[in-house]
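Letter by letter, the sequence shown follows residues 115 to 509 of this note's numbering.
Positions of the beta carbon are idealized from the N, C-alpha and C atoms, including for glycine.
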Amino acid sequence: MRYLIFLRGIPGSGKSTFVKENRLEPYTISSDEVRLLIKPPILSVTGQTIISQKINRRAWGLIYSLIKCRMEEGELTILNATNAGNADIAKYRQLVKTYRYETFCVDFTDVPLEVAKERNRKRPAYEIVPEAVIEDMYSIIERQSVPSFVKVIKPHEFSEKLQYRITDFSHYKKIHHIGDINGSYTALMKYLTCGLNDSDLYIFLGDYAGKGTGNARVIKFLISILCRDNVILLEGDNEKCLCIPAAGKEQSRISEFADTLCLLKELEQAGTSEKDILELYRKAVPCVYYEFCNKYVLVTHGGLSNLPENLTFVGTEQMIKGVGDPEHAFLIAENFNKNTNENAYQIHGHRNPDNLPIKNGRTFNLCDESQNEGFLRVLTLDREGFKEYCIQKKN
Numbered sequence: 115m116r117y118l119i120f121l122r123g124i125p126g127s128g129k130s131t132f133v134k135e136n137r138l139e140p141y142t143i144s145s146d147e148v149r150l151l152i153k154p155p156i157l158s159v160t161g162q163t164i165i166s167q168k169i170n171r172r173a174w175g176l177i178y179s180l181i182k183c184r185m186e187e188g189e190l191t192i193l194n195a196t197n198a199g200n201a202d203i204a205k206y207r208q209l210v211k212t213y214r215y216e217t218f219c220v221d222f223t224d225v226p227l228e229v230a231k232e233r234n235r236k237r238p239a240y241e242i243v244p245e246a247v248i249e250d251m252y253s254i255i256e257r258q259s260v261p262s263f264v265k266v267i268k269p270h271e272f273s274e275k276l277q278y279r280i281t282d283f284s285h286y287k288k289i290h291h292i293g294d295i296n297g298s299y300t301a302l303m304k305y306l307t308c309g310l311n312d313s314d315l316y317i318f319l320g321d322y323a324g325k326g327t328g329n330a331r332v333i334k335f336l337i338s339i340l341c342r343d344n345v346i347l348l349e350g351d352n353e354k355c356l357c358i359p360a361a362g363k364e365q366s367r368i369s370e371f372a373d374t375l376c377l378l379k380e381l382e383q384a385g386t387s388e389k390d391i392l393e394l395y396r397k398a399v400p401c402v403y404y405e406f407c408n409k410y411v412l413v414t415h416g417g418l419s420n421l422p423e424n425l426t427f428v429g430t431e432q433m434i435k436g437v438g439d440p441e442h443a444f445l446i447a448e449n450f451n452k453n454t455n456e457n458a459y460q461i462h463g464h465r466n467p468d469n470l471p472i473k474n475g476r477t478f479n480l481c482d483e484s485q486n487e488g489f490l491r492v493l494t495l496d497r498e499g500f501k502e503y504c505i506q507k508k509n
């Protein structure tokens, strides 16, 4: 999910060993490995093989582009580099803001200088860093601090801080899972005739605006409730069409998708500001994983084929758009049912081209793709179990 992790420490402080021991290689961008992708080791004036430092500008430009690509997909990303100076980390501040990332710095600066030097001498010849360079880096680290938008942790704290934790919702009387609304305000209000009950939890699965004619009313309603403690909004693929990050900065205009639906005009007429829309987008989360009376329930917009041990390592984009292609909805349900324990359940929306029923084993699909107006699908969970509702979409 949306975490950017900086490893900070001089060469020989244990950053690469930490990556290997925690099996983080697939999530890590290493500055030295990027340099070697651009140019293999070269001979120094003393006849030693070394990693070229003359390509640093190209290497860091490529690293920035790689990190941006991963952040666009909402992937957990780790940067294995010295990250000595404040500016080395601060240059990612705008990306962090644009893509709504949480940032950590894993601090290896406690390792004594002489210990790091000794480890450095034992490296393969081309990886050895001149000791004068290590001393300069050490001096910079001692003088400069990490930017304030980054939380500093020690290596032993990493697993705990990055572990996605299940939330116990057993204190609620009932949990309402509301599927793809797609602008069907009338159907939503028909289900919520009596308003929101403080003893219940309401999870909205995303795709709030769509082909329906009540988009502005749906958005305005969600904005009115998004600060309630018993309301959770998931991020659907349509939500990005309300506010799309572009060119490295936050885009505050409505996208082409919204223009196609005349959504901008509709929202303006309803008195909904772009600030409100941005606030709704910022409140949206990629998933919910909770416990309720010995049931373990994963809720995403797109649907997954398994329940990983740590959801932090699943990309946000995959949670939103789901595993595989749209036509794989049935296959995804079958594999989730096969790959998980009997008390694990999944609820999702987004895709259902074959218009499958809501229930498929322990997977529930709250997307309706009927030819006509279709239905708003809702699933509730209380102490008696799950219950399905289908409300005709009439706008």
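Pick from the options that is closest to residue i, judged by C-alpha positions
i           : options            : result
residue 191 : 180, 155, 176, 390 : 180
residue 131 : 195, 266, 148      : 195
residue 390 : 404, 338, 238, 380 : 338
residue 504 : 297, 422, 482      : 482
residue 125 : 323, 246, 433      : 246
residue 242 : 198, 158, 259, 216 : 158
residue 403 : 507, 428, 120, 118 : 428
residue 160 : 240, 462, 137      : 240
Cβ-based burial, residue i [other Cβ within 10 Å; buried from 16]
i           : result
residue 383 : exposed
residue 445 : exposed
residue 488 : buried
residue 374 : Because residue 374 sits at a pLDDT of 42, beneath the cut-off of 50, its placement in the model cannot be relied upon, and the following sentence gives the value as read from the coordinates. Burial call: exposed.
residue 270 : exposed
residue 301 : buried
residue 476 : buried
residue 353 : buried
residue 308 : exposed
residue 493 : buried
residue 228 : exposed
Those residues which DSSP pairs with residue i across a bridge
i           : result
residue 390 : Per DSSP, none; premise fails for residue 390.
residue 502 : 493
residue 321 : According to DSSP, residue 321 bridges with nothing at all.
residue 410 : 405, 458
residue 122 : 221
residue 474 : 477
residue 288 : 314
Opening and closing residue of the alpha helix (DSSP H) in which residue i lies
i           : result
residue 202 : 200–204
residue 345 : Not the alpha helix (DSSP H): residue 345 falls in the beta strand (DSSP E), residues 345–347.
residue 165 : Counting along the chain, residue 165 falls outside any alpha helix (DSSP H), and DSSP gives it neither H nor E.
residue 142 : Run containing residue 142: none in the alpha helix (DSSP H); it sits in the beta strand (DSSP E), 142–144.
residue 177 : 170–186
residue 266 : Per DSSP, residue 266 belongs to no alpha helix (DSSP H); it is in the beta strand (DSSP E), 265–267.
Limits of the beta strand (DSSP E) - the one that residue i falls within
i           : result
residue 510 : Since the first residue of the chain shown is 115 and the last is 509, residue 510 is not available in this structure.
residue 194 : 191–194
residue 403 : 401–406
residue 478 : 477–479
The stretch 148–157 / the stretch 166–186 touching (three or more Cβ pairs under 8 Å): yes
Contact the stretch 169–189 vs the stretch 216–235: 3+ CB pairs below 8 Å: no
The stretch 406–425 / the stretch 454–461 touching (three or more Cβ pairs under 8 Å): yes
Given 8 Å, three or more beta-carbon pairs between the stretch 253–266 and the stretch 277–289: no
Cβ contact (3+ pairs, closer than 8 Å) linking the stretch 415–422 and the stretch 326–342: no
The stretch 291–306 contacting the stretch 318–330, beta-carbon criterion three pairs below 8 Å: yes
The stretch 459–469 contacting the stretch 435–442, beta-carbon criterion three pairs below 8 Å: Yes, they touch.
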